[in-house]
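Going letter by letter, the sequence shown gives residues 1 to 140 in full-length UniProt numbering.
See structure below.
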Amino acid sequence: MKCYFILTTFCLLLYACKVEEISPVGEAPKNISGSWKVLKATRNGTDITSAFDFTQFRVKFDSAGNYTIVNKIPFLVNTNGTYSLDDPAYPFKITFTPQGGTAVATSFNYITTAGIRQLNLTFVPGCDLNAYIYTLEKDN
């Protein structure tokens, strides 16, 4: 009887301590598809948004990994091409590969400000003395 009790207790403890694996819910991939306009631009920490006409510039991203530049301005790339994020769910870099050109990567922040999605791109387009930060907002 004592042996039966010990065996039963052991079996109950064995099954009571079963560890269940719980998978965390994955972050959804960031969707940047659409047309984006410059909301704010800084050069070397100085706001240049009103000093230059950014109103006609757009960068359009599609879901197939292509981008199109509309009305060129000083930007990371000058021609259309493809783009990729270093991590679809938690991107920190975006890489632009212009048609016939070399891939260029830059820091990428996908933020929400006042409920509106924004992209922050930090880059040096040529001269090492000038660092730009463009805050882009989706153009509806």
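Backbone N, C-alpha and C fix where the C-beta goes; we use that ideal spot for every residue, glycine too.
Supposed close pair residue i, residue j - CB separation, criterion 8 Å
i, j, result
"residue 98", "residue 79", "4 Å"
"residue 108", "residue 91", "5 Å"
"residue 71", "residue 57", "5 Å"
Span separating the alpha-carbon of residue i from that of residue j
i, j, result
"residue 113", "residue 102", "33 Å"
"residue 39", "residue 134", "8 Å"
"residue 55", "residue 37", "7 Å"
"residue 67", "residue 100", "14 Å"
"residue 118", "residue 138", "7 Å"
"residue 77", "residue 35", "16 Å"
"residue 74", "residue 28", "32 Å"
"residue 50", "residue 61", "25 Å"
"residue 142", "residue 87", "Nothing can be reported for residue 142, as the shown portion of the chain is limited to 1 through 140."
"residue 59", "residue 33", "10 Å"
"residue 83", "residue 128", "23 Å"
"residue 63", "residue 89", "15 Å"
"residue 136", "residue 130", "19 Å"
"residue 31", "residue 106", "18 Å"
Residue interval of the beta strand (DSSP E) (run including residue i)
i, result
"residue 123", "116-123"
"residue 129", "Unbroken run through residue 129: none, as it is neither H nor E."
"residue 34", "34-43"
Counterpart residues of residue i in DSSP-defined beta bridges
i, result
"residue 98", "81"
"residue 90", "DSSP, once it has assigned bridges, lists no residue as partnering residue 90."
"residue 136", "38, 119"
"residue 105", "95"
"residue 60", "35, 68"
"residue 182", "No answer is possible for residue 182: the residues shown for the chain start at 1 and end at 140."
"residue 111", "118"
Environment of residue i [buried if 16+ CB atoms lie within 10 Å]
i, result
"residue 41", "buried"
"residue 115", "exposed"
"residue 111", "exposed"
"residue 96", "buried"
"residue 81", "buried"
"residue 52", "exposed"
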